[in-house]
Amino acid sequence: MDVLRRAWAIVWKDLLIEARTKQSFNAMVFFAALVLFIFSFALGPDTELLRRVSGGLLWVGIAFTGILSLSRTYQSEETSGGIEGLRMYPGDVRAIFLGKLLGNVVLLLSVEAVLFPAAAILFQIEMWPHALELAGIALLGTVGFSIVGTFYAALTVNLRAREVMLPLLLFPALVPVLLGAVNATTLVVVGDVMQDTGIWLRLLSAFDVIFFVICIWIFPIALEE
Amino acid sequence: MSVSAKSKPAALLGLVALAVLLAGSVVGLFVVPADAAQGDVQRLMYVHVPAAWLAFLSFFVVFLMSVLYLIQRDLRWDRVAASSAEIGVVFTVLTLALGSMWGKPTWGVWWTWDPRLTTTAIMLAIYVGYLAIRSFADDPEKRARWAAIVGIIGFANVPIVYLSVIWWRTLHQPPSSPRSVAPEILWTLMLNLAAFTLVYIYLMMRRIRLARLEGKLEERVAYHG
Amino acid sequence: MERGTTLALVGPNGAGKTTLLKCLATLLRPSGGEGRVCGFSLREDADAIRERTGLLTVRGYVYDELTAEENLWFTARMARLGLSRESLRAELERVGLDRAADQRVRTFSTGMRKRLVLAQLRIRPLELALLDEPYAGLDTQGMALVDEYVREFRAAGTTVILASHQAGEATRTAERTAVLRGGKLEFADHDRAAATHLSAHSLGAQNR
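Residue numbers (numbering that gives the first Met the number 0), protein chains in the order written: chain D, 0 to 224; chain C, 0 to 224; chain B, 0 to 207.
Dropping the structure here:
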């Protein structure tokens with residue numbers, strides 16, 4: 000389908016630019032690692048405590064980093080004349096949303112690929128046996144984060160106080176994602192036989208589907224001039 | 000366009016609302032007996048519960064009006080939405096404050112992560128975001144469009160947030176069992192609920208009329224420059 | 000305007016030429032009134048207009064970190080054109096960028112960027128070409144290239160609107176002239192000399 004091809008062109012462009020400048024990726028990894036470090040110091044050397052809160056810390060790091068990169072989603076457009084450039088092409092503008100969404104997901108996932116192992120080392124968690132489950136949680140959580148993030152980033156792209164508005168709008172929307180991701184991760188890592196990650200995975204999946212439909216539907220209105 | 004003619008029904012409603020409010024307060028404070036377990040503090044419920052109910056009702060109105068606006072692009076709906084949001088914020092803050100005030104003597108803490116309270120706090124954040132984004136657009140249509148988007152997505156999120164927090168809490172502690180409610184308490188609650196609803200309608204009438212005048216002023220300024 | 004004609008849109012800086020062009024390109028929404036472009040309504044059929052209209056701006060919409068060819072490929076993809084790499088390279092050759100085809104645009108001079116933007120416009124089958132200050136930053140060779148392209152557009156039946164604050168440049172290749180000043184548009188339907196005269200008088204003589 001035509002929308003998919005154009006979305007793919009956008010993903011290709013954004014990832015190519017990112018691969019060449021490595022601007023966002025490096026900054027994101029550093030920042031997230033910094034967050035994890037600071038939390039480790041703040042919480043002290045109690046390894047048992049760190050293990051139990053590792054899920055939360057990890058996702059806090061990912062969330063902060065994610066918000067950092069979101070405002071830059073459309074930055075590459077800004078240096079090339081603004082998002083007008085993309086809007087000028089015929090066809091459904093939803094291709095822009097899809098393209099940007101996929102680009103964000105890929106970028107954030109690649110940062111997490113570094114972050115999860117880093118957390119495993121810092122907090123002394125055994126991640127490898129649960130790698131598949133953690134990957135699944137990371138995927139669902141990242142997609143959920145990116146859906147609302149990409150959408151609100153588009154809405155606030157031309158605002159003067161974008162750096163304030165984006166987190167303000169994003170935070171309430173992210174509560175289910177963070178709750179789901181943090182709890183699921185913690186359950187996997189700490190290994191609680193009484194409880195079930197299934198409920199959180201269902202929450203994340205439902206959130207992803209519901210908000211994907213809503214956001215992609217409303218997207219053209221968000222971009223209207 | 001006569002200014003005073005419109006305010007007669009509103010003024011009448013205002014008086015009625017005030018009367019019912021007074022009745023509700025008197026009954027709640029003096030007539031109905033205090034709760035056996037909690038004592039007089041429980042009387043706060045007569046204000047807290049209606050406030051919460053109205054906070055959510057206001058938000059629902061915002062949602063409804065936002066959808067209507069996006070479909071019909073009639074600024075009237077936007078004015079109703081904005082008015083409801085402003086009034087809703089007041090009810091939301093009231094709910095939180097009262098909940099907090101009730102919590103301290105009852106449980107000894109200013110804040111608990113009770114699902115309803117937490118969801119209300121997040122709803123406040125969404126409200127604030129809604130009102131904030133309105134302040135960034137000078138063009139009434141753009142403002143209405145952005146606000147409508149935030150309103151719709153925000154509202155869609157509320158039930159999901161509520162469910163997430165319930166799961167989060169119940170997995171950590173058993174849910175508090177609902178006690179059976181004595182009929183006098185129920186009646187007093189209904190009375191105050193009616194009072195608050197009348198107050199809401201009265202405030203809405205006033206605020207919408209003000210919004211309409213503001214809109215006319217904006218048009219005039221835009222036209223004449 | 001008649002299809003296939005070339006119009007020079009002149010006016011002082013800030014008169015709103017760019018705004019007008021952007022409205023026609025459906026990038027900006029008019030605050031009032033109705034407009035039809037290529038037979039389609041601005042309000043209702045914006046997408047059909049976008050399919051047939053191309054806008055050339057001063058900076059152009061190119062990505063610094065991509066090469067010329069990659070930028071062109073992106074444009075082709077987004078405009079749903081099934082063009083092969085060879086035809087893209089051929090186009091780059093025609094604008095004189097064949098040797099720089101694999102260089103990143105960040106290394107380009109203004110003139111080179113302009114040529115790339117021209118190529119972006121050229122590969123699309125347009126009914127209406129909107130050129131905003133096409134001569135800005137170009138040397139004589141570049142300006143001749145723009146003139147040539149305008150002539151080609153005309154030969155292909157494409158309507159062209161050329162906006163410029165330098166009246167002389169724009170009216171060189173145009174058949175008609177319109178002056179935008181103080182929010183009002185005045186058409187001048189006569190030969191070039193008179194048009195230049197009219198423009199010069201309206202704007203005060205503009206020196207390079």
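A virtual CB, placed ideally from N, CA and C, is assigned to each residue, including glycine.
Residues Asp63 of the same chain have their beta carbon placed closer than 6 Å to that of Arg105 of chain B, with the five preceding and five following residues left out of the count.
About 7 Å separates the beta carbon of Leu23 of chain B from that of Thr52 of chain B, a gap short enough to meet the 8 Å contact definition. Residue C:Phe195 holds the alpha-carbon nearest to the alpha-carbon of Val19 of chain C among C:Met204, C:Phe195, C:Met203 and C:Arg205. By the rule that beta-carbons nearer than 8 Å mark a contact, Glu111 of chain D does not touch chain B. Annotated three-state conformation of Arg58 of chain B is coil, per DSSP. With a beta-carbon spacing of about 5 Å, Thr5 of chain B and Ala173 of chain B fall inside the 8 Å limit used to define contacts. Taking each of B:Thr176, B:Glu33 and B:Asp131 in turn and checking the Cα distance to Leu54 of chain B, the smallest one comes out for B:Asp131. One Cα belongs to Val163 of chain D, the other to Phe59 of chain C, and the distance between them is close to 26 Å.
Between the alpha carbons of Ile9 of chain D and Thr74 of chain B lies a distance of about 10 Å.
Between the stretch 32–52 of chain C and the stretch 95–107 of chain C, the count of C-beta pairs closer than 8 Å reaches three or more; the two stretches touch. Under the Cβ criterion of 8 Å, Asn156 of chain C is counted among the residues facing chain D. When the five nearest sequence neighbours on each side are left out, the beta carbons in the same chain lying within less than 6 Å of the beta carbon of Lys16 of chain B are those of Leu8, Gly10, Ala162 and Leu179, in order along the chain. Taking Val164 of chain C as reference, the option from D:Pro171, D:Thr184, D:Met126 and D:Val142 with the minimal CA-CA separation is D:Pro171.
Nearest Cα to Val94 of chain B within the set B:Leu137, B:Arg153 and B:Gly81: B:Leu137. For the pair Leu177 of chain D and Ala62 of chain D, the CB atoms are nearer than the 8 Å cut-off.
Of the residues assessed, Pro114 of chain C falls on the buried side of the cut-off, its CB having 16 or more other CB atoms within 10 angstroms. Only residues of its own chain outside the window of five on either side were considered, and among them Leu87 have a CB closer than 7 Å to the CB of Trp72 of chain B, listed in chain order. Within chain D, the residues placing a beta-carbon under 9 Å from that of Arg144 of chain C are Ile220, Ala221 and Glu223, ordered along the chain. Neighbourhood of Ala78 of chain B in chain D, by CB distance below 8 Å: Tyr88 and Pro89, in chain order. Between Arg50 of chain D and Val188 of chain D, the gap from beta carbon to beta carbon is short of 8 Å. If you look at Phe122 of chain D, you'll find it isn't in any alpha helix (DSSP H); DSSP assigns it neither H nor E. Ranked by Cα distance from Gly59 of chain B, the first of B:Glu50, B:Gly3 and B:Asn70 is B:Asn70.
In the structure shown, the three-state DSSP call for Phe107 of chain B is coil. At least 8 Å separates the beta-carbon of Phe218 of chain D from that of Ile146 of chain D. For Ile200 of chain C, the CB contacts under 8 Å within the same chain, skipping 5 residues up- and downstream, are Leu12 and Ala16 in chain order. When the five nearest sequence neighbours on each side are left out, the beta carbons in the same chain lying within less than 8 Å of the beta carbon of Leu202 of chain D are those of Pro175, Leu178 and Gly179, in order along the chain.
As the crow flies, the alpha-carbon of Gln71 of chain C is around 21 Å from that of Leu27 of chain B. Looking only at D:Tyr151, D:Ser75 and D:Phe122, the smallest Cα-Cα distance to Gly43 of chain D is reached by D:Phe122. Around the beta carbon of Arg42 of chain B, a 10 Å sphere encloses fewer than 16 other beta carbons of the protein chains shown; the residue is thus reported as exposed. Of all residues in the stretch 162–182 of chain D, only Met164, Leu167, Leu168, Phe170, Pro171, Ala172, Val174, Pro175, Leu178, Gly179 and Asn182 come within less than 7 Å of chain C when Cβ atoms are compared, listed by chain position. Counting along the chain, Ile61 of chain D sits inside the alpha helix (DSSP H) bounded by residues Thr46 to Thr72.
In this chain, the beta strand (DSSP E) harbouring Val159 of chain B covers Thr158 to Ser163. Below 8 Å, too few C-beta pairs join the stretch 20–29 of chain C and the stretch 116–135 of chain D to call them touching: fewer than three.
For Val40 of chain C, there is no enclosing alpha helix (DSSP H), as DSSP gives it neither H nor E. Residues of the same chain with a CB within less than 7 Å of the CB of Ile121 of chain C, apart from the 5 flanking positions on each side, are Val160 in chain order. Here the alpha carbons of Glu132 of chain D and Ala41 of chain D stand approximately 29 Å from one another.
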